[in-house]
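Same order as they appear, the protein sequences are chains A and B. Numbering (the working numbering) for the first sequence: 1 to 227. Numbering (the working numbering) for the second sequence: 1001 to 1299. Quick reminder that beta carbons are idealized off the backbone N, C-alpha and C, glycines included. Structure record follows, encoded as structure tokens.
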Amino acid sequence: MDIVLDNLDLMGRALGYTLLFFVIAAVLSLTLGTVLAAMRVGPVSVLRRAAAAYVTLVRNTPLLVVLLFFRVAGPKVGLNFSFVDLQLGQWRINNIFAALVVGLSIYTAAFVCEALRSGINAVPLGQAEAARAIGLPFGGVMTQVVLPQAIRASVPPMASVQIALLKNTTVCGALGVVELFARMRSFTNNDPTQRVGIFIAFAALFVVLVLIVSFVANRLERRWRIA
Amino acid sequence: MRLKRTKAAAAAVGLGLALSACGGSAGEPETGAEGAEAPEWEVVESPEFEAGTAMAELAEAGEVTIGVKFDQPGLGFKGATDDMPSGFDVELAKMLAGQLGIAAEDITFEETISDNREPYLQQGRVDLVLATYSITDERRQIVGQTGPYLITGQQVLVPADSDVEGIEDLQGEEVCAAAGSTSLENVEAEGAVPAPADNYAACVDDVLNGTVPAMSTDGAILLGYAAEQEGELKVVGDEFSEERIGVGYSKERPEMCEFINDALQASFDDGTWAEAYEYTLGGEGVEVPDPPALDDCQA
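This is the structure we're talking about:
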């Protein structure tokens, strides 16, 4: 465990990358997933099918394959993110980071869409009919009436999806960014005598991070209980 | 819908490319290109060891399990279609087995990656480890290590048209190396941004398509890749680290140390070490270095 405590600066940087992955991909996936869910329940059949195809394609593909597509196959066919080059303090947001964030977001959006759709299905049909009856267009029906109720109903599955995203960021450790998982591997390589301690330290850190996400989800659930 | 279809098609094509790239670029650089002959290792007939030692046990059993890397061209590499791994580590493993009276075909080569070398030795899954195993004080606390049989230094591999002249020019730039490797640590210590990859072949791809400006690991390995991609890649800069590659054995078998040292020293002296180097790591513009000085065995 000493090696972890002696290298808190490296740990901090790795934690920062993990959190950046999580936060950016969470925002992007929630946005994209909500649009997809709206498309799936919307009146336009082309959009409905496109969203269904997206979910089928992405949800049935392993995460690693999606990430490799953007990280390895993309640059070969000219799809790269070399326009991304930011320095946030000691964190460097580069083309590799961008490719991985896009991969994570695209993958997670499919699950967000389905979690949200389960919430939409939980809203009684009469709500949407009533909203249409007072003359709201589809956008209004969704944003004013259906989605506020659907989001409340889908907090628990949505929290699961986002927790999975947080843990999925570890896949990026083998693909070009030194986040927590990559840092753990370099620690265990450097000091095999402390392997067990290092594992426990990193596992505990992930438990804490997930507990924080669960706590936030729990609060939201309680606050929104009375719709 | 049409857009989605094109996207799906593009995805399919892209994945196909990615897969074929995995197959293609993992190829090993030519070894023994200079016409160097495979060294022939003497297999000692009925070697004599003191009863009860690990060497006596292994010689008696007539077989030995040795941990090597499968993904480091020139050192320890096994392609998808190869029956046997090849490389400098592997040749020395055959030499050591020969000294135990065990022929090359009776060696079981087990793949050891960076993370499982110590556990494998401790659990007895392998008898020896020759897997680009740098000697460090931390490792010596839990396993036996002796040697070094090779001293390497880290250099930088860049595209042929790059202006980079060494690791000094890469401050704050991404440099690719295998995840969890010492190479990656050294890159970070030099002030570059470490970009971990699954293996070195993936790093070469990233350098070739411009995702990262450079990659870094042992100079010997980089020369292999530069030779493979003639005219596209070049090795630059001075060596900025020193790795002492040694042999790992179980701490419960301290008697192995003397045996390994004697065998290594014999191969240094009779020139077979140099032959093995020439055969695996040699090539145009590569000079065979002098053998390193061995560490003493702690009693």
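DSSP lists B/Ala-1195 and B/Met-1215 as the beta-bridge partner residues of B/Cys-1176. Of all residues in the region 1192 to 1220 of chain B, those with a C-beta nearer than 9 Å to a C-beta of chain A are Val-1193, Pro-1194, Ala-1195, Pro-1196, Ala-1197, Asp-1198, Ala-1202, Asp-1205, Asp-1206, Asn-1209, Gly-1210, Thr-1211 and Val-1212, reading in chain order. Distance from the CA atom of B/Asn-1199 to the CA atom of B/Ser-1181, rounded to whole angstroms, is 10 Å. Below the 7 Å Cβ cutoff, chain A contributes Ser-186 as neighbours of B/Leu-1184, in chain order.
Taking 8 Å as the CB threshold, A/Asp-2 stays off the interface with chain B. For the 8 Å CB-CB criterion, A/Thr-108 and A/Ser-29 form a contact. Among the residues facing chain A, B/Gln-1145 is not included, as its CB has no counterpart in that chain under 8 Å away.
Residue state for B/Ser-1086 is assigned as strand, using DSSP reduced to three classes.
Fully enclosed alpha helix (DSSP H) runs of no fewer than 4 residues occupy 45 to 59 and 63 to 68 of the region 41 to 112 of chain A, in order along the chain. For B/Thr-1272, the enclosing alpha helix (DSSP H) stretches over residues 1272 to 1280. Annotation: A/Asp-85 has no Cβ neighbours in chain B at a cutoff of 7 Å; minimum Cβ distance is about 11 Å. Chain order gives the chain A residues near B/Ser-1181 as Asn-189, where near means a beta carbon separation below 7 Å.
At a C-beta separation below 7 Å, B/Arg-1139 has these neighbours in chain A: Pro-192. One finds nothing in chain A with a Cβ atom closer than 8 Å to the Cβ of B/Ile-1107; even the nearest lies about 25 Å away.
Using a Cβ-Cβ cut-off of 8 Å, A/Lys-167 does not count as an interface residue toward chain B, since no Cβ of chain B sits closer than that to its own. Residues of chain A with a Cβ closer than 8 Å to the Cβ of B/Ile-1167 do not exist, since the nearest Cβ in that chain sits about 17 Å away. Listed along chain A are Arg-185, Thr-188 and Asn-189, each with a C-beta nearer than 9 Å to that of B/Ser-1114. Around the beta carbon of A/Asn-95, a 10 Å sphere encloses 16 or more other beta carbons of the protein chains shown; the residue is thus reported as buried.
Put simply, the CB of A/Ile-200 is far from chain B, with every gap to its CB atoms at 8 Å or more. Counting only Cβ-Cβ distances below 7 Å, B/Glu-1118 has contacts in chain A at Pro-192, in chain order. Beta-bridge partners assigned by DSSP to B/Ile-1066: B/Phe-1109 and B/Leu-1128.
Counting along the chain, B/Gln-1154 sits inside the beta strand (DSSP E) bounded by residues 1154 to 1159. DSSP lists B/Val-1247 as the bridge partner or partners of B/Thr-1146.
Assigned with DSSP and collapsed to three states, B/Leu-1233 falls in strand. Our two residues, B/Gly-1224 and B/Phe-1077, have alpha carbons roughly 12 Å apart in a direct line. In terms of beta-carbon proximity, B/Ile-1142 lines the interface with chain A, with at least one pair separated by less than 8 Å. Taking 8 Å as the threshold, the shortest C-beta distance from A/Asn-7 to chain B does not fall below it.
At a cut-off of 8 Å between beta-carbon atoms, B/Glu-1174 makes contact with chain A. According to the DSSP assignment, B/Arg-1253 belongs to no alpha helix (DSSP H), since it is labelled neither H nor E.
In the DSSP assignment, the residues bridged to B/Asp-1071 are B/Phe-1077.
Here the C-alpha atom of B/Ala-1202 lies approximately 14 Å from the C-alpha atom of B/Glu-1228. The region 15 to 35 of chain A makes contact with the region 104 to 120 of chain A, as at least three CB pairs between them are under 8 Å.
For A/Gly-173, the nearest CB of chain B lies under 8 Å from its own CB, placing it at the interface with that chain.
Taking B/Glu-1091 as reference, the option from B/Thr-1211, B/Ser-1046 and B/Ala-1038 with the minimal CA-CA separation is B/Ala-1038.
Taken through DSSP and simplified to helix, strand or coil, B/Ser-1241 comes out as coil. Around the C-beta of B/Val-1143, 16 or more other C-beta atoms lie within 10 Å, and the residue is accordingly described as buried.
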